[in-house]
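In the working numbering, the protein residues as written are 1 to 222.
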């Protein structure tokens with residue numbers, strides 16, 4: 001008779017994971033990690049977009065209050081700009097700031113997009129005015145110095161836009177320059193703000209003041 005030992009009662013030994021099982025587990029974990037990262041990034045982008053829209057809406061209201069005090073006329077420097085940064089695109093801020101009931105620190109934050117690593121370094125506002133008509137009158141479109149009653153489609157006419165749009169970029173998408181169209185945030189003459197698909201105007205160095213085809217949801221001006 002075969003002698004039983006202590007180990008006989010433990011039953012058959014169980015093998016560990018096979019290589020195939022380990023590779024499958026690693027693949028599943030990798031996929032889950034990617035999904036989690038994408039989910040966090042999506043939440044961050046959504047929150048950032050919400051803040052951006054809120055800021056644009058607040059600045060738009062200040063711009064419209066300015067117009068109400070100036071015979072329904074939107075901000076204007078009444079002169080063509082000598083340089084790209086020396087004009088209504090950026091200097092509108094000086095005109096509308098008095099209409100913001102905020103502290104100096106709050107005002108500075110209002111005009112700065114958290115993802116802006118270009119204009120903010122130059123102490124320029126991240127959000128620019130739709131005023132191409134004061135840079136190149138007759139060539140670029142815009143609403144600088146325009147009376148509100150004369151704007152035929154206020155719900156499609158840009159009032160403010162992210163400065164990155166000027167140079168075919170998005171503050172929120174590092175890959176935006178690689179595609180024909182990209183998304184950015186903007187506000188309109190009727191006061192609403194939101195995300196728009198930006199048309200990449202061909203053959204120009206500055207992507208502002210040139211109206212896109214009719215199937216896009218915005219225009220820089222009549």
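Beta carbons are placed, not taken as given, at the ideal position from N, Cα and C, and that holds for glycine.
Three or more beta-carbon pairs separated by less than 8 Å link the segment 91-110 to the segment 62-70, which places the two stretches in contact. Burial check for residue 135: the Cβ neighbour count within 10 Å reaches 16 or more, so the residue is buried.
In the DSSP assignment, residue 189 falls outside any alpha helix (DSSP H) and carries neither an H nor an E. For residue 196, no alpha helix (DSSP H) segment is defined; the enclosing uninterrupted segment is the beta strand (DSSP E) at 193-198. Listed in chain order, the non-local C-beta contacts of residue 164 below 6 Å within the same chain comprise 170, 171, local neighbours out to five positions each way being set aside. The Cβ neighbour count for residue 138, taken over all protein chains shown within 10 Å, is under 16; the residue is labelled exposed. In terms of Cα proximity to residue 122, the closest of 195, 131, 130, 108 is 108.
The beta-carbon distance between residue 221 and residue 157, rounded to whole angstroms, is 6 Å. This is short enough to meet the 8 Å contact definition.
Assignment of residue 167 by DSSP, reduced to helix, strand and coil, places it in the helix class. Boundaries of the beta strand (DSSP E) around residue 129: 127-129. Measuring C-alpha to C-alpha distances from residue 205 to each of 153, 93, 140 identifies 140 as the nearest.
Residue pairing from DSSP places residue 182 in a beta bridge opposite 198. Residue 185 and residue 212 have their alpha carbons spaced roughly 16 Å apart.
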